[in-house]
Structures are given as C-alpha cells and as structure tokens.
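This report concerns only the one structure given below.
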Amino acid sequence: MAKQAAPVKKNQTVTLQFEDLTHEGSGVGKINGYPLFVPYALPGEEGEVKVVKVNKNFGFGKLIKVTKSSEERVEPPCDVYYQCGGCQLQHMSYELQLEMKQNQVRNAMRKVAHLEDVPVHSIIRMDDPWRYRNKVQMPVGEKEDGELKTGFYQKRSHRIIDGMETCNIQDEVNDRMVEAVRRIADRLGIPSYDEDKDTGVLRHIVVRTGEVTKDTMIVIITRTSDLPHQDAMVKELIKTYPHIKSIVHNINDRKTNSIWGKQSKAIWGEDYIYDTIGDIQFAISAKSFYQVNPPQTKKLYDKALEYARIGSDDTVVDAYCGIGTISLFLAQEAKKVYGVEVVPEAVDDAWKNAGLNGFTNAEFYVGEAEKVMPWWTAQGLRPDVVVVDPPRKGCDEELLKAMLGMEPKRIVYVSCNPSTLARDLRILEDGGYATQEVQPVDMFPQTHHVEAVCWLERK
1 MAKQAAPVKK
11 NQTVTLQFED
21 LTHEGSGVGK
31 INGYPLFVPY
41 ALPGEEGEVK
51 VVKVNKNFGF
61 GKLIKVTKSS
71 EERVEPPCDV
81 YYQCGGCQLQ
91 HMSYELQLEM
101 KQNQVRNAMR
111 KVAHLEDVPV
121 HSIIRMDDPW
131 RYRNKVQMPV
141 GEKEDGELKT
151 GFYQKRSHRI
161 IDGMETCNIQ
171 DEVNDRMVEA
181 VRRIADRLGI
191 PSYDEDKDTG
201 VLRHIVVRTG
211 EVTKDTMIVI
221 ITRTSDLPHQ
231 DAMVKELIKT
241 YPHIKSIVHN
251 INDRKTNSIW
261 GKQSKAIWGE
271 DYIYDTIGDI
281 QFAISAKSFY
291 QVNPPQTKKL
301 YDKALEYARI
311 GSDDTVVDAY
321 CGIGTISLFL
331 AQEAKKVYGV
341 EVVPEAVDDA
351 WKNAGLNGFT
361 NAEFYVGEAE
371 KVMPWWTAQG
381 LRPDVVVVDP
391 PRKGCDEELL
401 KAMLGMEPKR
411 IVYVSCNPST
421 LARDLRILED
431 GGYATQEVQP
441 VDMFPQTHHV
451 EAVCWLERK
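In full-length UniProt numbering, the protein residues as written are 1 to 459.
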C-alpha cells in the first residue's frame, strides 16, 4: 500500500481554523484531518500559517497573521515575550490558561492512567498571576560595544535577548538586584564569560528573595576561582541595598551548559536566607531546592496534608524530601516523619529546618529513595502514609515497587508533570491502590506547567 503524503508541504502558506490546544499551549488546526501545531494560536481563531515542518502524522507551523481573533487573546505585557522561551501563555487570558491546564490533567488521567471516573477538581488559581517567582538565574553576556548585558536566552538558543530590563513573572526585587550587580560589574570592568572560547569571568547572576521575610541572597557565578574587585562590589551592594542578607560566590570552571559549579562560599553575610510558608520557617542555602511560588506552595502543601489524613499516632515517609518543606508540614500532625533525599546538602538543610522550628519528630537520610525504602521495610518500618514529590520524570520504577512493598494505608503523590503522574498512578492502581481525587494547582502562571496532588487509598 502506497504511503499517503501529507496534504501540506514545507514552506507552504495555508489558512487554518484552530479548534484545540496542545498541552504546551500551541493551537491545533487541521487540513483534511492532518493536524498542524502552531504556537501562539488560540481555539476559535483563524489565521495564515507557514508550514515549517512536516511529519507523517502531524506538522508544525508558524503563525503569520491572525485573520479572526479569539476573545481570549490578550496583549502580552512583556516586551520580549515572542523571543523569550520562559513563558508560553502570556497571549491567552488567565481563564483560558487555567482551563487548558485543567484539561491537561484530566486528559492524562483518562488517556494515560485509564482512570475515567476519578474526580479532577477545579484548578487552584493565583489571585495575582504575575511577579510570583522568588528566584531568578540570569546569564551574563556582552553587547557589541563591550557593555555587559543580562537577560534570558532566546528560544532554542544560547543567545541572550538584548534590551531585557525586567521579567513580569519575577519578584521586582530580583529584577533590581540583577541590574545592580550587572551595573557594578560593568563599571569595575569585570568581563562576562564567553561560552564559545571558554574565557572571561562572569557567567550567571542568581538572586533569591524571601516572600515573607524579604531577605535577599545574591549568588555570583564565575569561571575563575576569584571574583575580581570582590570587596568593591560587596561594599557597594550592601551599602545601597540593606535587605541583602547574603552574597555568595560560586565557581564553575567547567566548559558546560550547567549553571552551577561545585564550590560555593559566602563572601558576605550568612550562608542562608530565611522564609516562611504557613507557620514554618525555612533556611535556604544557595543551591537549595525551594518552591519558586510560596503563596501557591502553601495551598499545595495544605492540600497534601489534607489528603494525607494523618492521625497523631501515624508514621509518614516523605520520599524526595529536599530541604524538608513537605516533611515539616506533615510533622505538624504525625507521630514520626522519615525523609529521604539523594542530595546531601539538602538533607543538612532539612535537619537545620527541623531544629529551627523545634520539630523533634522528623528525621532525614541521604540516599536514593528506591534503595533506602526497601531497607527501612526490612528493618520493620511500616508507615501509615507515604508522600512522594518526584522531579518531572516521575518516580523510578524501583521506587514505586518500594512504596508498594511498604503497604501504607495511603499515598499522596505531588507532581509537576501530569503525564508521568498518570503513568505512575496506573502502576500504583495495578499494585493495589485506588486513586480517590486529583487536585491541580497553578504554580507557574503564564507557562504551560501545572502541578497536581493526588490521594490514593489501599484497596
């Protein structure tokens, strides 16, 4: 049977009517049943599209002109939105963003987990979906005249966007701090890092600000083991900006795309800044994983705690515990919490955070959860509840087996990726657990990412 050719060719211009959205926010239109995925197009719109890539079953297009516009289309407040890859949804109303994310979670439950009847609740929205990120990591480069510039990379490149003075989803304090470090470094003649030649000094500027405390940490990442004019830079920063509590120098001398090097040292102030979520205070070091949207994190953790339904005699295991953020929320109700995390510095921070808040019923261990948990089981540990908050790739299959082997009454799964969540839920369902409810949370407005928390009971 002859292979059927796609009804469009590369570089062809076509008129499309858009009827749906992909999980990343691109518009979907069809020509003779053949779908084209087109960034920045919205359902209900019509537009002229240039075909840029043709595959057997689908293609990709570039939106040339919108000929019929949706009421959900809005003007992005960011000047460089269409160049930058950081946000994908600023062109759509917040209501449509929420609807898209809700559908993303619902579709994953149905199509991947094969759970038709599990309630997926209305997504928990942000009151103000702007200026929420408490951490920024900005690469440093040079303009043609040699002046330093900072900005995010253009989509699918390592070219820094010119003229980027602000980011509408970053805390304004972080914006100002990046600008201040760049301005001072420029005046002191500190050269930026050249990725191609592996020369120069200044690679990245990282800024974190406590949402409640307003404490600020600045991390200056260099290729060189010393920071030129360090004393002059520190003196000017702390004199001008008294809310700075910590200035850290991180050394990354490798020819790599990775932002962080292995060596960090505080060159002024403390090794930590502090912030609070709910009633719990956290010490945050330069490399700590700490959720970037604290107001939504509180809502997410409250829901995880509600789903855990912990009694005062219950023992809880928190896999991927990080610096103990979820663990300490759980420790408010539980008799005992055991946290496990592969990053030693995070475990040190978790112990520090437990002490900081007076928790004596939480313990933290370094190791891979999929290896530590079977060992705990062999020692006789039988937790009532297991809580898991894995990275985007979801849980390792060995970890899922380890969770099932512990036979907890209840599992609470916190996820930042609906498709890997659904994949793992299917395994847990087949292993004897029933998914009760799913609660999406909008942790990252203006982007296609969505968080969800699930409650499972042993059948």
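Even glycine gets a Cβ: it sits at the ideal position worked out from N, Cα and C.
Local conformation of residue i per DSSP, three classes
{"i": "VAL386", "result": "strand"}
{"i": "ASP79", "result": "coil"}
{"i": "MET1", "result": "Because MET1 sits at a pLDDT of 46, beneath the cut-off of 50, its placement in the model cannot be relied upon, and the following sentence gives the value as read from the coordinates. Coil at MET1, not helix or strand."}
{"i": "ASN357", "result": "coil"}
{"i": "ASN417", "result": "coil"}
{"i": "TYR94", "result": "helix"}
{"i": "residue 511", "result": "With the chain running from 1 to 459 in the structure shown, residue 511 is simply not present."}
{"i": "ASP349", "result": "helix"}
{"i": "ASN250", "result": "strand"}
{"i": "TRP375", "result": "helix"}
{"i": "ALA41", "result": "coil"}
{"i": "ALA422", "result": "helix"}
{"i": "ARG106", "result": "helix"}
{"i": "residue 486", "result": "No answer is possible for residue 486: the residues shown for the chain start at 1 and end at 459."}
{"i": "LYS149", "result": "strand"}
{"i": "LYS101", "result": "helix"}
{"i": "ALA369", "result": "helix"}
{"i": "LYS111", "result": "helix"}
Spatially closest choice to residue i from the options, by CA coordinates
{"i": "ASP198", "options": "ASN257, ASN250 and LEU399", "result": "ASN257"}
{"i": "LYS401", "options": "VAL441, VAL414, GLN379 and ALA369", "result": "ALA369"}
{"i": "GLU418", "options": "LEU428, GLY151, ARG392 and MET403", "result": "The sequence as given places Pro at residue 418; Glu does not occur at that position. Among LEU428, GLY151, ARG392 and MET403, the Cα nearest to that of PRO418 is on ARG392."}
{"i": "LYS239", "options": "ALA283, LYS214, ILE184 and ILE190", "result": "ILE184"}
{"i": "VAL234", "options": "ARG223, ALA331 and VAL248", "result": "VAL248"}
{"i": "GLY25", "options": "THR325, ALA452 and PRO43", "result": "PRO43"}
{"i": "GLU116", "options": "LYS30, GLY432, GLU397 and ARG106", "result": "ARG106"}
{"i": "THR297", "options": "ILE277, TYR307, LEU305 and ALA308", "result": "ILE277"}
{"i": "TYR274", "options": "VAL385, TRP268 and SER285", "result": "SER285"}
{"i": "ASP128", "options": "VAL387, ASP424, SER93 and GLU333", "result": "SER93"}
{"i": "THR166", "options": "ASP175, ASP313, TYR153 and ILE160", "result": "ASP175"}
{"i": "LYS459", "options": "ALA434, TYR307 and ILE280", "result": "ALA434"}
{"i": "GLY405", "options": "ILE267, PRO374 and ASP396", "result": "PRO374"}
{"i": "LYS299", "options": "HIS229, ALA452 and GLN102", "result": "ALA452"}
{"i": "LYS68", "options": "ASP396, GLU270, GLU179 and PHE18", "result": "PHE18"}
{"i": "LEU456", "options": "PHE329, VAL388, LEU399 and VAL181", "result": "VAL388"}
{"i": "THR15", "options": "VAL28, ILE221, LEU421 and PHE152", "result": "VAL28"}
{"i": "THR13", "options": "VAL49, GLN154, TYR34 and CYS87", "result": "VAL49"}
{"i": "residue 460", "options": "ASP279, SER246 and PHE282", "result": "Residue 460 falls outside the range modelled here, since the chain spans only 1 to 459, and no answer is possible."}
{"i": "GLY146", "options": "GLY189, LYS155 and GLU179", "result": "GLY189"}
{"i": "HIS243", "options": "ILE124, SER70, GLU270 and ALA232", "result": "GLU270"}
{"i": "ASP384", "options": "ALA334, PRO445, ASN357 and LEU421", "result": "ALA334"}
{"i": "VAL54", "options": "TYR193, VAL8 and LYS371", "result": "VAL8"}
{"i": "residue 506", "options": "GLU45, GLU46 and PHE58", "result": "The chain is shown from 1 up to 459; residue 506 falls before or after that span and cannot be answered."}
Whole-number beta carbon distance between residue j and residue i, since they are thought to touch under 8 angstroms
{"i": "VAL136", "j": "GLN170", "result": "5 angstroms"}
{"i": "ILE323", "j": "SER288", "result": "5 angstroms"}
{"i": "VAL201", "j": "ARG223", "result": "6 angstroms"}
{"i": "ASN353", "j": "ALA331", "result": "Actually they are not in contact, since the Cβ atoms of ASN353 and ALA331 sit about 10 angstroms apart, beyond 8 angstroms."}
{"i": "ASP318", "j": "SER327", "result": "4 angstroms"}
{"i": "ASN252", "j": "ILE221", "result": "6 angstroms"}
{"i": "residue 460", "j": "PRO294", "result": "This structure cannot speak to residue 460, because the chain is shown only from 1 to 459."}
{"i": "PHE329", "j": "TYR290", "result": "14 angstroms between Cβ atoms; not a contact."}
The beta strand (DSSP E) enclosing residue i, as first and last residue numbers
{"i": "GLU363", "result": "362 to 366"}
{"i": "GLN281", "result": "280 to 284"}
{"i": "PHE18", "result": "13 to 21"}
{"i": "LEU36", "result": "34 to 38"}
{"i": "MET217", "result": "216 to 222"}
{"i": "residue 480", "result": "Outside the displayed range of the chain (1 to 459) lies residue 480, so it cannot be described from this structure."}
{"i": "PRO139", "result": "135 to 142"}
{"i": "HIS204", "result": "202 to 209"}
{"i": "VAL342", "result": "That residue, VAL342, is in no beta strand (DSSP E); it is neither H nor E in DSSP."}
{"i": "LEU89", "result": "From DSSP, LEU89 is part of no beta strand (DSSP E); its letter is neither H nor E."}
{"i": "TYR274", "result": "273 to 277"}
Start and end residues, alpha helix (DSSP H) containing residue i
{"i": "ALA238", "result": "Residue identity differs from the one stated: residue 238 is Ile in this sequence, not Ala. 230 to 240 is the extent of the alpha helix (DSSP H) around ILE238."}
{"i": "GLY405", "result": "397 to 406"}
{"i": "ALA185", "result": "172 to 188"}
{"i": "LEU300", "result": "294 to 308"}
{"i": "residue 547", "result": "Past the boundaries of the shown model lies residue 547; the chain is included only from 1 to 459, so the question cannot be answered."}
Chain D contact for residue i (CB, 8 angstroms cutoff)
{"i": "LYS197", "result": "Protein chain content of the structure displayed is limited to a single chain, and chain D is not contained in it."}
Residue i Cβ short of 7 angstroms to the ligand NAP heavy atom set
{"i": "LYS235", "result": "With respect to the ligand NAP, the structure offers nothing, as it holds no ligand at all."}
### Task
Tell me, please, whether the region 57 to 70 touches the region 403 to 420 by the rule of three or more beta-carbon pairs shorter than 8 angstroms.
Counting Cβ pairs under 8 angstroms, fewer than three are found: no touch.
### Three CB pairs or more closer than 8 angstroms across the region 332 to 346 and the region 360 to 374
These segments touch.
### Query
Are three or more beta carbon pairs between the region 377 to 385 and the region 346 to 358 nearer than 8 angstroms?
Contact fails: fewer than three Cβ-Cβ distances are below 8 angstroms.
### Message
I'd like to know if the region 82 to 102 and the region 438 to 454 are in contact, where contact means that at least 3 CB-CB pairs between them fall below 8 angstroms.
### Response
With a cut-off of 8 angstroms, the region 438 to 454 and the region 82 to 102 count as touching, because enough Cβ pairs lie within range.
### Query
Pairing CB atoms from the region 78 to 90 with CB atoms from the region 422 to 432, are three or more of them under 8 angstroms?
As far as the Cβ criterion goes, the region 78 to 90 does not touch the region 422 to 432, which means the pair count is below three.
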